[in-house]
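Chains as they are written, first to last, in my numbering: chain A, 197 to 472; chain B, 281 to 621.
Glycine included, every Cβ here is placed at the ideal spot set by N, Cα and C.
Remember, it's a predicted structure, so these values are computed and weren't measured experimentally.
These notes are about the structure you will find just below.
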Ligand SMILES: Cc1cc2nc3c(=O)[nH]c(=O)nc-3n(C[C@H](O)[C@H](O)[C@H](O)COP(=O)(O)OP(=O)(O)OC[C@H]3O[C@@H](n4cnc5c(N)ncnc54)[C@H](O)[C@@H]3O)c2cc1C
Ligand code: FES
């Protein structure tokens, strides 16, 4: 590769969706039509979004490679770049460096029953794989989606939830931490609801992403249900900058999350030094 | 090829080289010696190793990556890569360890991903290194594959002899420089130079054997007590990272200048809490023990594991000498190697 790895593609925001009080979804199209047409990626790969003059940050591409009208990123407002991103509107220009990282091992997941367990903004990386599987429905077995947020207000992709809930070929379960006026779905922490749903580990793969504390208890719940380490897949958040394995901040021992990840099986993570 | 440079001609050489491209040289400033971009009138000091490293020649502390311009009201900015201008850059008078230091970048910056900024600077840099005749107590280049007259990454070796230096070319680019009129016949001084090198090699203290360091450090990974003891003195100041010729971690930030902005990269410091702080508030390296562990292990375990045994350290000892509290990276690696017998 002899291109400049730091040079972003110019892109236009075609749509901005307000998901929650602190999460917005951005739909982005590369300005170079040919590059947009030829753009390919694997579910789970990430991109760096630039707000010129402010900086660049890493977000998972949460649209599916099967739906290439735009690339979608959902951004939680936590600091400088994300705050400025939230101020942008449709028509504004951003920079995109993508795709980066490894993505989900979709080939290995063919024919398996899939259990998605997402918490909060952690639903973003699951969405891309979930949509990919819906668009290749025959390639996969039973699909369960367990998605939780603190309150209904904190749920992303609200506009899509009715469709997901209504589909007969997936089982979608939503949960929030505590009772909330008008909430008709489950109430309870994700790991507890998971134990209650008790998906079978037989020929199954669990894919989970969420805040560290949720991951910790979800892993315990999955173990209790009989899932082995190599049947659990997660995607990590580490602080990143370059995204191409040079700047040196995202390593766990000899592995660089930006290049060797962000997707790992729990078995792979266990083989690494414990520095999560 | 051997030539001779009289000590009295060193300044003239620097003046002349500086006419055709940047020259980075160790300059006496107050009580210290630091690498500066040479300007006529500066005093080059070769008798002591500079406090700073010559890393800036191939990896400046700050460098622009991109320039972004917005013309008038136009929404669409233009984004351009700001590659360094092509011109020969001479590092005049570093030590062999300093020249070797930049070689650690190669497998990372010119491996799977090609960093065009480093590539260009590396290609355009010419290293004229002075043989070390008197090792300091903090020197350990021979323990990491180098030596006082090591030629790895060196284009011209300057060997101190009576009245000046024997300039010995190592590369073709180095040989070209020696065609300069200020260099004279080396003659019998070549033999004197050989003797100086032999003496310099003999003067080095016994070397450490760090071959078992990669697995021994990894074996201590979860040993919190060990790392807390090793980092007890550390104050997380990060001086070690800024002095180091091989540290290559960097940050990327935007510099907004109104109608124009620049994306720049700067040396970063893995000893800082902020280096790995995540958006969720979680930090995988929350204490100085975690961070020192990563710095030492990167150099002596992770990097050698990935890059066929090469230790990511040139043994210059700057991190030991300039550490305000006397943390000694050699001692930490030895402690891990000797752990449990
Ligand atoms: C593989 C990966 C995928 C991600 N996907 C998403 C996603 O889909 N949606 C989303 O909202 N966020 C995602 N993140 C997190 C996102 O990158 C950070 O929240 C963002 O970079 C913060 O930028 P900022 O300039 O607003 O924050 P800053 O002003 O720089 O800092 C605010 C806080 O964010 C932390 N932070 C800064 N930069 C990063 C960084 N690059 N990575 C992690 N933490 C950082 C700081 O330590 C600080 O705690 C992902 C991170 C990674 C590594
Ligand atoms: S983000 Fe730079 S090395 Fe991974």
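Quick check on residue 471 of chain A - is its C-beta less than 7 Å from some C-beta in chain B? If you number the first chain from 1, residue 471 of chain A lands on position 275. It does: the Cβ of residue 471 of chain A has a partner Cβ on chain B nearer than 7 Å.
Any idea what DSSP makes of residue 197 of chain A, helix, strand or coil? Mapped onto the first chain, residue 197 of chain A falls at position 1. Residue placement at residue 197 of chain A is poorly supported in this model, since its pLDDT is 41, which falls under 50; the coordinates still yield a value, given next. Residue 197 of chain A falls in the coil class under three-state DSSP.
Taking the straight line between their C-alpha atoms, what separation do you get for residue 362 of chain A and residue 582 of chain B? Taking the first chain and counting its residues from 1, the one referred to as residue 362 of chain A is at position 166. Taking the second chain and counting its residues from 1, the one referred to as residue 582 of chain B is at position 302. Whole-angstrom Cα-Cα distance: 49 Å.
Would you verify that the beta carbon of residue 377 of chain A is, or is not, closer than 7 Å to some beta carbon of chain B? Residue 377 of chain A sits at position 181 when you count from the first residue of the first chain. No, residue 377 of chain A does not count as interfacial toward chain B.
Pop quiz: residue 357 of chain A and residue 370 of chain A are said to be a contact at Cβ under 8 Å. What is the actual Cβ separation, rounded to whole angstroms? The sequence position of residue 357 of chain A within the first chain is 161, counting from 1. The sequence position of residue 370 of chain A within the first chain is 174, counting from 1. Rounded, the Cβ-Cβ distance is 7 Å, consistent with contact.
Here's the rule I'm using: 16 or more other beta-carbon atoms within 10 Å means buried, otherwise exposed. How should residue 388 of chain B be labelled? One-based indexing of the second chain puts residue 388 of chain B at position 108. Residue 388 of chain B is buried by the Cβ-count criterion.
Please indicate yes or no: does the CB of residue 435 of chain A lie closer than 6 Å to some heavy atom of ligand 1? As a position in the first chain, residue 435 of chain A is number 239, starting the count at 1. Indeed, a heavy atom of ligand 1 lies less than 6 Å from the Cβ.
Residue 197 of chain A versus residue 395 of chain B: straight-line alpha-carbon distance, rounded: Within the first chain, numbered from 1, the residue matching residue 197 of chain A stands at position 1. Within the second chain, numbered from 1, the residue matching residue 395 of chain B stands at position 115. Unreliable placement is indicated for residue 197 of chain A, whose pLDDT of 41 sits below 50; no coordinate value is reported for it.
Between residue 224 of chain A and residue 343 of chain B, what straight-line distance do the alpha-carbon atoms span, to the nearest angstrom? The residue given as residue 224 of chain A occupies position 28 in the first chain. The residue given as residue 343 of chain B occupies position 63 in the second chain. Each residue's alpha carbon lies about 29 Å from the other.
For chain B, is any of its Cβ atoms less than 7 Å away from the one on residue 251 of chain A? Sequence index remark: in the first chain, residue 251 of chain A carries index 55 (1-based). Cβ-Cβ to chain B under 7 Å: yes for residue 251 of chain A.
Note the first and the last residue of the continuous alpha helix (DSSP H) segment covering residue 340 of chain A. Position 144 of the first chain, counted from the first residue, corresponds to residue 340 of chain A. Counting along the chain, residue 340 of chain A falls outside any alpha helix (DSSP H), though it belongs to the beta strand (DSSP E) covering 339 to 345.
Under a CB-based cut-off of 7 Å, is residue 560 of chain B close to chain A? Indexing the second chain from 1 puts residue 560 of chain B at position 280. Yes, residue 560 of chain B lies at the interface with chain A (some Cβ there is under 7 Å from its Cβ).
For residue 387 of chain A, the first and last residue of its enclosing alpha helix (DSSP H): Along the first chain, one-based indexing puts residue 387 of chain A at 191. Run containing residue 387 of chain A: 386 to 393, per the alpha helix (DSSP H) assignment.
Leaving out five residues on either side along the sequence, give the residues of the same chain with a beta carbon under 6 Å from the beta carbon of residue 449 of chain A. As a working mapping, residue 449 of chain A is identified with position 253 in the first chain. Answer for residue 449 of chain A: 468 and 469, listed in chain order.
Whose Cβ in chain A lies nearer than 9 Å to the Cβ of residue 613 of chain B? The sequence position of residue 613 of chain B within the second chain is 333, counting from 1. Within 9 Å Cβ-Cβ: nothing; residue 613 of chain B doesn't reach chain A, min ~16 Å.
So the alpha helix (DSSP H) residue 230 of chain A belongs to, where does it begin and stop? As a position in the first chain, residue 230 of chain A is number 34, starting the count at 1. Taken as a continuous stretch (DSSP letters only), the alpha helix (DSSP H) holding residue 230 of chain A covers 229 to 234.
Which whole-angstrom value is the C-beta distance of residue 404 of chain A and residue 313 of chain A, which I expect to be below 8 Å? Taking the first residue of the first chain as 1, we reach residue 404 of chain A at position 208. Taking the first residue of the first chain as 1, we reach residue 313 of chain A at position 117. About 4 Å; that satisfies the 8 Å criterion.
Show which residues of chain A have a CB atom less than 7 Å away from the CB atom of residue 555 of chain B. For the purposes of this step, residue 555 of chain B is identified with residue 275 of the second chain, where counting begins at 1. Here the neighbours are 445.
If you measure from the CB of residue 603 of chain B, is any heavy atom of ligand 2 nearer than 6 Å? By 1-based counting over the second chain, the position of residue 603 of chain B is 323. No; taking the cut-off as 6 Å, the Cβ of residue 603 of chain B has no heavy atom of ligand 2 nearer than that.
Listed by chain order, chain B residues near residue 200 of chain A by CB distance under 7 Å: Here residue 200 of chain A corresponds to residue number 4 of the first chain, with the count starting at 1. Ordered by position in chain B, the residues that pass the 7 Å Cβ test against residue 200 of chain A are 361 and 396.
Just to confirm, are residue 299 of chain A and residue 240 of chain A a CB contact at a threshold of 7 Å? To locate residue 299 of chain A, count along the first chain from 1; it is residue 103. To locate residue 240 of chain A, count along the first chain from 1; it is residue 44. It is a contact, given that the beta carbons lie within the stated cut-off.
Segments of 4+ residues assigned as alpha helix (DSSP H) that fall wholly inside the region 502 to 572 of chain B: 504 to 510 and 519 to 523
Beta-carbon proximity of residue 361 of chain B to residue 200 of chain A, cut-off 7 Å: Here the question's residue 361 of chain B lines up with position 81 in the second chain. Here the question's residue 200 of chain A lines up with position 4 in the first chain. Their beta carbons are under 7 Å apart, which means residue 361 of chain B touches residue 200 of chain A by this criterion.
To be precise: take each residue of the region 200 to 222 of chain A, compare its Cβ to all Cβ atoms of chain B, and keep it if any distance is under 8 Å. Which residues remain? 200, 201, 202, 203, 204 and 206
Per DSSP, which one or two residues make a beta bridge with residue 285 of chain A? The residue you call residue 285 of chain A lines up with position 89 of the first chain. Answer by DSSP bridge pairing: none, since residue 285 of chain A is not bridged.
Does the CB of residue 433 of chain A have a neighbour CB from chain B at under 7 Å? Against the first chain, residue 433 of chain A aligns to sequence position 237. So yes, residue 433 of chain A belongs to the interface.
Over what stretch of residues does the alpha helix (DSSP H) that includes residue 481 of chain B continue unbroken? Position 201 of the second chain holds residue 481 of chain B. From DSSP, the alpha helix (DSSP H) with residue 481 of chain B extends over 469 to 483.
Separation of residue 567 of chain B from residue 503 of chain B, as counted between CA atoms: To locate residue 503 of chain B, count along the second chain from 1; it is residue 223. To locate residue 567 of chain B, count along the second chain from 1; it is residue 287. Answer to the nearest angstrom: the Cα atoms are 14 Å apart.
May I ask whether a heavy atom of ligand 2 can be found less than 6 Å away from the beta carbon of residue 318 of chain A? One-based indexing of the first chain puts residue 318 of chain A at position 122. Every heavy atom of ligand 2 is 6 Å or more from the Cβ of residue 318 of chain A, so no.
What would DSSP say about residue 462 of chain A, mapped onto helix, strand or coil? For the purposes of this step, residue 462 of chain A is taken as the residue at position 266 of the first chain. Here residue 462 of chain A sits in helix by DSSP.
From what residue to what residue does the beta strand (DSSP E) around residue 360 of chain A run? If you number the first chain from 1, residue 360 of chain A lands on position 164. No beta strand (DSSP E) holds residue 360 of chain A; the alpha helix (DSSP H) holding it covers 357 to 362.
Would you mind telling me which residues of chain A sit closer than 9 Å to residue 531 of chain B, beta carbon to beta carbon, in chain order? In the second chain, residue 531 of chain B corresponds to position 251, counting from 1. Those within 9 Å of residue 531 of chain B in chain A are 437, 443 and 445.
Quick one: using the 10 Å Cβ neighbour count with 16 as the cut-off for buried, is residue 465 of chain B buried or exposed? The count along the second chain starts at 1 and reaches residue 465 of chain B at position 185. Flag for residue 465 of chain B reads exposed.
Would you verify that the beta carbon of residue 458 of chain A is, or is not, closer than 7 Å to some beta carbon of chain B? By 1-based counting over the first chain, the position of residue 458 of chain A is 262. So, not an interface residue.
What's the gap between the Cα of residue 463 of chain A and the Cα of residue 428 of chain A? If you number the first chain from 1, residue 463 of chain A lands on position 267. If you number the first chain from 1, residue 428 of chain A lands on position 232. When rounded, the distance between both Cα atoms is 8 Å.
Taking residue 615 of chain B as part of the alpha helix (DSSP H), name the residues at either end of that continuous run. Working through the second chain from its first residue, we reach residue 615 of chain B at position 335. From DSSP, the alpha helix (DSSP H) with residue 615 of chain B extends over 609 to 618.
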